[in-house]
Amino acid sequence: MATMKAAVIYEAGGPEVLKLEQRPIPKPEAGWVLIRVKAFGLNRSELFTRQGHSPGVAFPRILGIEATGLVEEAPGGEFAKGDVVATAMGGMGRAFDGGYAKFTCVRAGQIQ
Numbered sequence: 011m012a013t014m015k016a017a018v019i020y021e022a023g024g025p026e027v028l029k030l031e032q033r034p035i036p037k038p039e040a041g042w043v044l045i046r047v048k049a050f051g052l053n054r055s056e057l058f059t060r061q062g063h064s065p066g067v068a069f070p071r072i073l074g075i076e077a078t079g080l081v082e083e084a085p086g087g088e089f090a091k092g093d094v095v096a097t098a099m100g101g102m103g104r105a106f107d108g109g110y111a112k113f114t115c116v117r118a119g120q121i122q
């Protein structure tokens, strides 16, 4: 199984709760796209989530509500491998793992 580096949190707290770990690279289903992350933003939303002010977020979680990078895989054919893309919100880092990782998997419709 291929792995990636990711910053994972297991509980609310200060910056010390961010743990750099090896995690499995997500596998996209049809309608989802795997992005090789080149950059992601740091913003108040993630700060509030990390501090425990987002009750709907379940831990463990990879934060990050936005990312830019290169398409690695798009099983539905929406994008070609290597396309430069950006994505934001749509549940990233809250309902599913986000951009604080080498790869993230998001719905094709939320990619620009």
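Each residue of the sequence shown is one higher than the one before, counting from 11 in this note's numbering. Every residue, glycine too, gets a C-beta built ideally from N, C-alpha and C. Just so we're clear, the structure is a prediction, and the values are computed from it rather than from any experiment.
Tyr-20 counts as exposed, since fewer than 16 other beta carbons sit within 10 angstroms of its beta carbon. Rounded to whole angstroms, the Cβ separation of Leu-44 and Arg-60 is 25 Å, and the two are not in contact under 8 Å. Between Phe-50 and Ala-77, the CB-CB gap stays under 7 Å. Sixteen is the threshold: since fewer than 16 other Cβ atoms of the shown chains lie within 10 Å of the Cβ of Arg-54, the residue is exposed.
At least 7 Å separates the beta-carbon of Gly-86 from that of Val-47. Residue state for Ala-16 is assigned as strand, using DSSP reduced to three classes. Taking C-alpha positions only, Ala-98 is separated from Gly-119 by approximately 11 Å.
Per DSSP, reduced to three states, the secondary structure at Val-67 is coil, with no helix or strand assignment.
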